[in-house]
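Chemist: Residue 586 in numbering that gives the first Met the number 0 sits at position 587 of the sequence shown, with consecutive numbering throughout.
Note that the Cβ used here is the ideal one computed from N, Cα and C, for glycine as well.
Please read these numbers as outputs of a predicted model, since none were measured by experiment.
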Amino acid sequence: MPNRRFADGEVVMGRWPGSVLYYEVQVTSYDDVSHLYTVKYKDGTELALKESDIRSQSSFKHRKSQSSSSSPSRRSSSRSRSRSPGRPAKGRRRSSSQSREHKDDKKKTIQETNLALPPCVLKPSENNTRRYNGEPDSTERNDTSCLILEQKLKPDLEVERVLEQYSLRPRKEEKKKEEIYSEKKVFETIKTIEKASSKTKELEFGGRIGAFTLIFFLPATVFYLLLMCKQDDPSLMNFPPPLPALESLWEPRVFGVVLLWFFLQALFYLLPIGKVVEGLPLSNGRKLQYRINGFYAFVLTAAAIGTLLYFQFELHYLYDHFMQFAVSAAAFSVGLSIFLYIRSLKAPEEELAPGGNSGYFVYDFFTGHELNPRIGSFDLKYFCELRPGLIGWVVINLAMLLAEMKIHNQSMPSLSMVLVNSFQLLYVVDALWNEEAVLTTMDITHDGFGFMLVFGDLVWVPFVYSLQAFYLVGHPTAVSWPVAAAITILNCIGYYIFRRANSQKNSFRRNPSDPKLAYLKFIPTATGKGLLVTGWWGFVRHPNYLGDIIMALAWSLPCGFNHILPYFYVIYFICLLVHREARDEHHCKQKYGLAWERYCQRVPYRIFPYIY
Ligand code: NDP
0 MPNRRFADGE VVMGRWPGSV LYYEVQVTSY DDVSHLYTVK YKDGTELALK ESDIRSQSSF
60 KHRKSQSSSS SPSRRSSSRS RSRSPGRPAK GRRRSSSQSR EHKDDKKKTI QETNLALPPC
120 VLKPSENNTR RYNGEPDSTE RNDTSCLILE QKLKPDLEVE RVLEQYSLRP RKEEKKKEEI
180 YSEKKVFETI KTIEKASSKT KELEFGGRIG AFTLIFFLPA TVFYLLLMCK QDDPSLMNFP
240 PPLPALESLW EPRVFGVVLL WFFLQALFYL LPIGKVVEGL PLSNGRKLQY RINGFYAFVL
300 TAAAIGTLLY FQFELHYLYD HFMQFAVSAA AFSVGLSIFL YIRSLKAPEE ELAPGGNSGY
360 FVYDFFTGHE LNPRIGSFDL KYFCELRPGL IGWVVINLAM LLAEMKIHNQ SMPSLSMVLV
420 NSFQLLYVVD ALWNEEAVLT TMDITHDGFG FMLVFGDLVW VPFVYSLQAF YLVGHPTAVS
480 WPVAAAITIL NCIGYYIFRR ANSQKNSFRR NPSDPKLAYL KFIPTATGKG LLVTGWWGFV
540 RHPNYLGDII MALAWSLPCG FNHILPYFYV IYFICLLVHR EARDEHHCKQ KYGLAWERYC
600 QRVPYRIFPY IY
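1) Ordered along the chain, which non-local residues of its own chain (more than five positions away) have a Cβ less than 7 Å from that of residue 457?
2) Within 9 Å (strictly less), CB to CB, does residue 399 reach chain D?
3) How about the segment 198-206 and the segment 359-368: do they share at least three Cβ pairs that are nearer than 8 Å?
4) Per DSSP, residue 28 forms a beta bridge with which residues?
5) Taking 8 Å as the line, does the beta carbon of residue 440 fall inside it for any heavy atom of the ligand NDP?
6) So residue 616 is in the beta strand (DSSP E); what residue range does that whole segment cover?
7) At which residues does the alpha helix (DSSP H) containing residue 330 begin and terminate?
8) I'd like the ranges of any alpha helix (DSSP H) spanning at least 4 consecutive residues and lying wholly in the segment 340-389.
9) What residue from 268, 49 and 23 has the CA that sits closest to residue 58's CA?
10) For the alpha helix (DSSP H) containing residue 6, name the first residue and the last one.
11) Under a Cβ-count criterion, where at least 16 other Cβ atoms within 10 Å of its own Cβ denotes burial, should residue 612 be classed as buried or exposed?
12) With 16 as the cutoff for other CB atoms within 10 Å, does residue 372 come out buried or exposed?
13) For the candidate residues 320, 527, 323 and 367, whose alpha-carbon lies nearest to that of residue 343?
14) Per DSSP, what are the beta-bridge partners of residue 14 in this structure?
15) Taking the beta strand (DSSP E) that residue 49 falls in, what are its first and last residues?
16) Output the residue ranges of the alpha helix (DSSP H) runs that lie fully inside the segment 243-331 and measure 4 residues or longer, sorted by chain position.
17) Cβ of residue 541 versus every heavy atom of the ligand NDP: is any distance shorter than 8 Å?
18) First and last residue of the alpha helix (DSSP H) that includes residue 431?
19) At what residues does the alpha helix (DSSP H) containing residue 529 begin and finish?
20) Can you tell me which of the three DSSP states residue 53 falls into?
21) Find out if the Cβ-Cβ distance for the pair residue 551, residue 572 is shorter than 9 Å.
22) What did DSSP end up calling residue 559 once you bin it into helix, strand or coil?
23) Leaving aside the five residues before and after residue 404 along the sequence, list all residues of the same chain whose C-beta is less than 6 Å from its C-beta, in chain order.
24) Compare the C-alpha of residue 559 against each of 37, 611 and 483 and name the closest.
25) Is it the case that the Cβ atoms of residue 594 and residue 533 are separated by a distance below 9 Å?
26) Pick helix, strand or coil for residue 401, following the three-state DSSP scheme.
27) Check whether the segment 413-422 and the segment 282-301 are in contact - that is, three or more C-beta pairs closer than 8 Å.
28) So, at 7 Å on beta carbons, what are the nonlocal neighbours of residue 28 in its own chain, with the 5 sequence-adjacent residues on each side left out?
29) Would you check whether the ligand NDP has a heavy atom nearer than 8 Å to the C-beta of residue 305?
30) Determine, using beta-carbon pairs with one atom in the segment 261-274 and one in the segment 348-355, whether at least three such pairs fall under 8 Å.
31) Starting from residue 471, trace the alpha helix (DSSP H) in both directions and tell me its first and last residue.
32) Alpha carbon to alpha carbon, what distance is there between residue 13 and residue 423?
33) Check whether the segment 276-286 touches the segment 430-449, taking contact to mean three or more Cβ pairs, one atom from each stretch, closer than 8 Å.
34) Quick check: the Cα distance between residue 378 and residue 441, rounded to an integer number of angstroms?
35) Between the Cα of residue 466 and the Cα atoms of 540, 398 and 54, which residue gives the shortest distance?
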């Protein structure tokens, strides 16, 4: 039995990190390795606390009786006094009696807060006349950030800043906003604690059985889709497609090309070109550095492919051996996943992924045990996320375009093939151009690097996302110019929403006081980060997903309506993003508690306005 003082479900008093304030919390779990308790505050926020930061409720009840002699009015006045530590004139030295009085006041305040107030008290409530966008006063009392800030910020700025934080006025009116956010230490400390590593209690993806099933289901789906696409009639009625001979699936030369491709991209990644940026703080407060040179890698790859074509290299070799390439990439991704899992067993606890540390081999292997596996400064997850698979997707598309021209003796590619190639090229170039944005995504900050991401990055993306181009080679589809124009407009609308929404959030997260974002309103949260409630993020809760789905539809439309196969991507993508959205909501609810609920009230639709 672990040596722990507090049991699961016990209601205790938990210290708010970085402050001397205690709030009523419920113990939800205890981690034997890190010796941290996961506790839930009344507003729903969950944090990991050390035992020394937790006290039994009885110790506070005792204090209450001691202070009960003070009248409510006195209590109230002492509270408002001590909540303005900036009150004594700056530079003036206190006499010892004043100092004692101040200490007493402070002590009382802490006791009273401990005793009487939930963790959502806005101070000084007596003076607070501002409204949260017209909502009643009580709704303003949601966050603990004011309490944290009180402990951390310089006295003279404190109250004003706290109030500013709670005001949802357009931020150009906020005079001291920059100072609020320049208190980076405050936010980092909080974030650090919020993400303290512990055992994964809530299993996603259907738990162990779900993870086990997906390990086989995902590769099977890829092979099914590719086999179907090769059929003259890829109708679902023709299920199951005839299985190819096993030996026809493996070709050492193809495997060699896959390895060469992977290591060529690794070489480009290692080139000392492009800026180096810091990622978000990890659970230990450290920030990893990442080189932003994905776009350069793309340009170098384009030059390499151009050179090969110049020397008459037949790129449609990729089309001819497509299934073998998929098998080789899958074999490579299984090998890499095993390597990652083995090395993760030696990783320090704090470097494990919050979602992939369940202790169950299958689950951790699938979701990824280690958060940021690195060999020296080579970050395997970050590298795989946007390079070999994403750039590979564009190269495969180009190979399909050339294969179409060759097979159908065309001097020009078909309009539908051009549309698919250009839309998807835009998507990939955009991702590489905005590579830095990937550092704030769930994949980098939350998910470990295991089979799910390895297979997704190296097999699923290049071989499933190129399905439309692969389909068009075997199933030519004519598209008229007006239809092509309409599809292009649809893609542009999707891209516009996707890009603007992602850029808006990314800029806000990187620099919330950016003057260009001053027109946006946000809800403050206990972690110090704000939740945008106007702009794209006030339209629906995941505007970037909406744009992405619109684009996915535009990629399928050039394939016509004869078969559902080229629409696999958009159907799968809607399922993926709906599930991803649910996962993200769950994490945000844990992170932001009541503030997230308020955001959901303000912005009721998740992805599709007035529908979902
Ligand atoms: P998002 O970029 O949607 O980020 C979600 C996070 O944003 C939340 O966890 C929260 O994190 C923050 N957030 C949520 N609401 C707000 C708000 N109102 N104001 C400010 N911040 C908010 O996550 P994804 O990683 O899922 O997606 C990134 C992009 O990648 C999307 O465009 C998506 O479509 C695309 N994508 C594409 C895939 C593909 O296969 N083509 C697969 C998956 C994603 P915090 O508060 O901690 O910052």
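Modeler: Let's see:
1) Setting aside the 5 residues that flank it on each side, residue 457 is surrounded in the same chain by 328, 331, 332, 383, 387 and 388, each with a C-beta closer than 7 Å to its C-beta; the list follows chain order.
2) Absence of chain D from the displayed structure is noted, only one protein chain being present.
3) They touch, by the three-pair rule.
4) Note: residue 28 sits in a beta bridge opposite 37.
5) yes
6) The structure shown does not extend to residue 616, since the chain spans only 0 to 611, so no value can be given for it.
7) Residue 330 -> alpha helix (DSSP H) spans 321-343.
8) 360-366 and 379-385
9) Among 268, 49 and 23, the Cα nearest to that of residue 58 belongs to 23.
10) For residue 6, there is no enclosing alpha helix (DSSP H), as DSSP gives it neither H nor E.
11) As shown, the chain starts at 0 and ends at 611. That puts residue 612 outside it, with no answer to give.
12) Around the C-beta of residue 372, 16 or more other C-beta atoms lie within 10 Å, and the residue is accordingly described as buried.
13) Among 320, 527, 323 and 367, the Cα nearest to that of residue 343 is on 367.
14) 21
15) It spans 45-49 - the beta strand (DSSP E) in which residue 49 sits, taken as one unbroken run.
16) 251-269, 293-309 and 316-319
17) yes
18) 414-432
19) Note, residue 529: premise wrong, no alpha helix (DSSP H); beta strand (DSSP E) at 529-531.
20) strand
21) yes
22) Annotated three-state conformation of residue 559 is coil, per DSSP.
23) Close CB contacts of residue 404 within its chain, under the 6 Å cut and outside five residues either way in sequence, are with 412 (chain order).
24) 483
25) no
26) Helix.
27) no
28) 7, 37 and 200
29) No.
30) no
31) From DSSP, the alpha helix (DSSP H) with residue 471 extends over 466-473.
32) 50 Å
33) yes
34) Residue 378 and residue 441: Cα-Cα distance of roughly 16 Å.
35) 398
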